[in-house]
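Asks:
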Amino acid sequence: MIRCTVVGNPENRRVALFAAAVRAAGLPAPRVLPWLEVLRTLRDGGPGALPRFRPGEIVRLDSPGENDEVGVLLRDVEDQTRVEGGALWYARFTGAVRALTGRALADGARLLDDPDELAVLFDKRLCHGVLSGAGVPVPRSPTSGPGAPPVRGWDDVRAAGLGRFFVKPAHGSSASGVLAVQTGAGGRVRAVTSVERDGQGHMYNSLRVRAYDTETEVAALVDALAPDGLHLESWWPKAAQGNRAMDLRVVVVAGRATHAVVRASRSPMTNLHLGGVRGDLAEAREAAGPMWETAMSACERAAACFPGTLCVGVDLLPGTGWRGVAVGEVNAFGDLLPRLTGMPGGGAEGLDTYGAQVAALLRGTAPRGRGAATAQAGAREPAGAGDASGAVPVAGAVPDADAVESVPASGSVRAPGSGDMAGPVAEESGVLCGVPGAWRGSGTDVEK
Amino acid sequence: MSHYHHLTEFHGLPVREFGGPEADHTEVTDHGAVAWRLSVEPYGATEDFGSRFARFRETVELERTSALIVGQWDKSGVDPSEVLRLLEENRDRLPSLRALFLGEIVAEEQEISWITQSDVTCLLTAFPRLTELRLRGGHGLGLQPVRHESLRHLIIETGGLGGDVVRALGACQLTALERLVLWLGEEEYGATVNAEDLTGILAGTHLPALRHLGLRNSEIQNEIAERVAVAPVVARLTTLDLSMGVLDDSGAAALLEGQSLAHLHGIDLSYHFLSEEMAERFATAMAAVGVAADLSEPQDGEECACDVDGAEECDCAEFRYPAVGE
């Protein structure tokens, strides 16, 4: 009998949706191992104190986003609408993943994710390098791969000589901290972003996309973002639907592009929570013509760079007039598209993204565990996983025996609720990875 | 909407992108039966405009080319003087050229106010048989007064148009011009045009054949409407287009109170800030004299960004913008 465990935030829809798909396939409800518990255990007891896994157990890692306590543990920032702390978040999250997957593998469990691949997926520079190296079409970038020079601030951005481009925090997601920058004749500069700064210079994600029109303002923002690592990417002129630029979120499960949504926006950020709207998939397919196959194939080739990962969400950028395509990003936790069923011909018709993953598991096409991914992934920090003792540096770990909480050997098993499948669809907000999880609305903080 | 999509047809011909070295045009048997489109990929350039034009010149029967579209010639900030030089140099090899679109660049490629143009007078002097000229982008655009006896359609789309260009147009002798469309834009995006600059055009002295006038996408749309309401040129028009701008009740009232518009076939005020009452009044008045009035796309204006909680008053109750700026 297949037994699944989900490492996630138990209150999150993602966990409930996956659990519902598992049960719908006639399998026992998965146990849920909360990230909060994993992180606290690592902090207080180190990797040796992690809960044990059962041999043959299938382990799915899900997003640690949208939970304030988890957010605080990962980047020491109280207000989850803040932009800063990406580098710390990355170090702690990938460290926790390595420790946890090391434990799971030592116990004989099987992973649907790969720690090295996750470390690449959560570093846009590395991800770009891997895709580019595999011949997947991507926008040009001067920060591609582990060998690229770091961007220390606006001066480095200027020196890159790009005309219209994106500045992206290396470890951000869902447009957090992203600037769409245009430079032109006579030193004209304009940046469109959801970042807002308060009087003390703190940066927040705002649901209101705004423009900064002076080089001084743009430089100050970039300089403030730079310490957490920046990725630069040339603008890729996208196709339009009506008067909105569009891109596609394509979910690839076990190598096949199964689900797709069109996101259309008047702002450079197509994320649905930033004013983007769902576009018309059938219309896009028609507009694409023969390029549709090229597009899906690019998504599948992008996903193939991560063979140890069962499911990724690929941001596919159709060029103006569908004359070409490029892959924008590959998202590790890009499957939150509730109730969306598979597109015709994708092999998951009638199933949601979670159902498609469970089906792949049952078919035997899911990753078999630590794959051949390591060589391709090219992560900056070679993995230390696979070692059951889990000598993984976990930032903030305090090896204080007195502080170790009692953790049951099997981990605390929480059955997920019946799931909020009837919840509002509008929450497919484009916050598909949830790092960090919160956005400021007008006046009030909005949890997305 | 044209500003967001590349044209598929121009000058009555299907558009054909010339493309990079890998492009194959062997199935285009009649090189005069398509509108050729030349552009480069500024965000992943493999070939610059000069090289692409050189291949174009080698590959295509230039003599038969009647319609040409030029898309992005470089990244933003670079003017098209190289493009103009190449066209001018090859004028004798382009005897059939009738229609030219310089700057067919959609918003995703470059927002309209980031397109850098240059003085385009040489296009009119080098191609006296041109019947259709379309330009996009107002930054750096220049024009000197000239006489041209073939041009029937002139369209200049900008997020901000210079007053000097508008004055020069008013001084041009465009004896065949039937259709003149200007997107005037806003100061924020480089517009220096004021209502006074329109005097020459609105007098119509040098535009004897004009049938359609579009003065669109302006932040001074009301002032324009006031001028148009008493402009001599209106008598010879069949259609008038004051759409896409910040037109409100005062501009519409000026039109109702001005000269008769009853001879027009249609008037386009779409994308406007008219009150429902005024829109109704205007529609009724036009219907009564058999003029088709387009009052679609009513706008509300954006709420102001000021924090009005507790503030005594905010004098920017709403922001109003023309349809295309940035």
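These protein sequence lines are chains A and B, in that order.
Going by our numbering, the letters in the first sequence line up with residues 51 to 498, in that order.
Going by our numbering, the letters in the second sequence line up with residues 53 to 378, in that order.
For every residue, glycine included, the Cβ atom is placed at its ideal position computed from N, Cα and C.
Keep in mind that this is a model prediction, so the values were computed, not measured.
Does the distance from the C-beta atom of B/F101 to that of B/V135 stay below 8 Å?
Replies: Result yes, Cβ atoms of B/F101 and B/V135 sit closer than 8 Å.
Asks: What separation, rounded to the nearest whole angstrom, lies between the Cα atoms of B/A339 and B/E74?
Replies: Roughly 55 Å separates the two Cα atoms.
Asks: Tell me which same chain residues have a C-beta within less than 8 Å of the C-beta of A/W372, skipping the five on either side of it?
Replies: A289, A337, A338, G339, M341.
Asks: Can you confirm whether B/L136, when its beta carbon is compared against all beta carbons of chain A, has any partner nearer than 8 Å?
Replies: False, the Cβ-Cβ gap to chain A never drops below 8 Å.
Asks: Whose C-alpha, out of B/A287, B/L114, B/Q196, B/E184, is nearest the C-alpha of B/G310?
Replies: Checked all of B/A287, B/L114, B/Q196, B/E184; the closest Cα to B/G310 is B/A287.
Asks: Buried or exposed: which applies to A/G326, given that a residue is buried once 16 or more other Cβ atoms fall within 10 Å of its Cβ?
Replies: A/G326 is buried by the Cβ-count criterion.
Asks: On a CA-only basis, which of A/T264, A/T151, A/A334 is nearest A/L92? Give me that one, please.
Replies: Ranking the options by Cα distance to A/L92, first place goes to A/T151.
Asks: Per DSSP, A/F216 forms a beta bridge with which residues?
Replies: Answer is A/A230, A/E283, bridged to A/F216.
Asks: In chain A, what lies closer than 8 Å to B/V158 by C-beta?
Replies: Those within 8 Å of B/V158 in chain A are P287, A290, T370.
Asks: Compute the distance between the beta-carbons of A/R490 and A/S182, then report whether it is under 8 Å.
Replies: No, they are not a contact pair.
Asks: What residues match up with A/Y254 in a beta bridge as DSSP calls it?
Replies: Its beta-bridge partners are A/R132, A/E246.
Asks: Which bits of chain A does B/E201 rub up against, with CB to CB less than 7 Å?
Replies: Within chain A, no residue comes near B/E201; the closest Cβ sits about 34 Å away, beyond 7 Å.
Asks: Determine the closest residue to A/A241 out of A/L162, A/G292, A/R102, A/A261, with distance taken between C-alpha atoms.
Replies: Cα-wise, what sits closest to A/A241 is A/A261.
Asks: Thinking just about the alpha-carbon of each residue, which of A/L275, A/R328, A/E267 is nearest to the one in A/Q291?
Replies: Checking every option, the nearest Cα to that of A/Q291 belongs to A/R328.
Asks: Quick check on the DSSP output: the beta strand (DSSP E) that includes B/H264 runs from which residue to which?
Replies: It spans 264-270 - the beta strand (DSSP E) in which B/H264 sits, taken as one unbroken run.
Asks: Candidates B/R204, B/R186, B/S322: which alpha carbon is nearest B/S348's?
Replies: With distances taken between Cα atoms, B/S348 lies closest to B/S322.
Asks: For A/A210, I'd like the list of residues in its chain whose CB is within less than 7 Å of its CB, leaving aside the five on either flank, ordered along the chain.
Replies: Cβ within range, chain order: P192, L282.
Asks: Check the Cβ-Cβ distances between B/Y323 and every residue of chain A, and say whether any is below 8 Å.
Replies: No, B/Y323 lies away from the interface with chain A (no Cβ there is under 8 Å from its Cβ).
Asks: Using a Cβ-Cβ cut-off of 6 Å (strictly less than) and excluding sequence neighbours within five positions of A/V300, which residues of its own chain qualify?
Replies: A307, A310, C349, V364, L366.
Asks: Leaving out five residues before and five after B/G215 in sequence, what residues of the same chain have Cβ atoms less than 7 Å from its Cβ?
Replies: Contacts found: T244, V245, N246, D249.
Asks: Per DSSP, which residues does A/C54 bridge with? Please list them.
Replies: DSSP lists A/I108 as partners of A/C54.
Asks: Helix, strand or coil for A/A75, going by three-state DSSP, please let me know.
Replies: Looking at A/A75 - three-state DSSP - the assignment turns out to be coil, as it is neither helix nor strand.
Asks: Anyone know if the C-beta pair for B/L234 and B/I208 falls short of 8 Å?
Replies: Contact flag set, yes.
Asks: Tell me, please, whether the CB atom of A/V207 is closer than 8 Å to any CB atom in chain B?
Replies: Not closer than 8 Å to any Cβ of chain B, the Cβ of A/V207 fails to qualify, so no.
Asks: Quick check on this structure: which residue in A/R175, A/R214, A/P187 has the alpha carbon closest to the alpha carbon of A/G195?
Replies: Comparing Cα positions, the closest option is A/R175.
Asks: Classify B/E115: buried if its beta carbon has 16 or more other beta carbons within 10 angstroms, exposed otherwise.
Replies: B/E115 should be labelled exposed.
Asks: Sorted by chain position, which residues of the same chain lie with C-beta nearer than 7 Å to A/A416's C-beta, five sequence neighbours on each side aside?
Replies: Cβ neighbours of A/A416 beyond the five flanking positions: L162, A304, L360, A410.
Asks: Nearest-angstrom Cα distance between A/P78 and A/G405?
Replies: If I take the Cα positions, the gap works out to 14 Å.
Asks: Residue range of the alpha helix (DSSP H) that A/W204 falls in?
Replies: Taken as a continuous stretch (DSSP letters only), the alpha helix (DSSP H) holding A/W204 covers 204-209.
Asks: A/N41 lies in the beta strand (DSSP E); which residues open and close that run?
Replies: Here chain A comprises residues numbered 51 to 498, so residue 41 of chain A is not present and cannot be evaluated.
Asks: Are the CB atoms of A/A159 and A/E87 nearer to each other than 8 Å?
Replies: Result no, Cβ atoms of A/A159 and A/E87 do not sit closer than 8 Å.
Asks: Can you find a CB in chain B that lies within less than 8 Å of the CB of A/R214?
Replies: Yes - at least one Cβ of chain B is within 8 Å of the one on A/R214.
Asks: Could you spell out where the beta strand (DSSP E) holding A/C361 opens and where it closes?
Replies: Here the beta strand (DSSP E) through A/C361 covers 361-368.
Asks: Going by the beta-carbon positions, is the gap between B/S165 and B/G242 smaller than 8 Å?
Replies: Closer than 8 Å, so yes.
Asks: Tell me which same chain residues have a C-beta within less than 6 Å of the C-beta of B/G194, skipping the five on either side of it?
Replies: Correct list, in chain order: D171.
Asks: Check this for me: beta carbons of B/W125 and B/V86, under 8 Å apart or not?
Replies: Contact: no.
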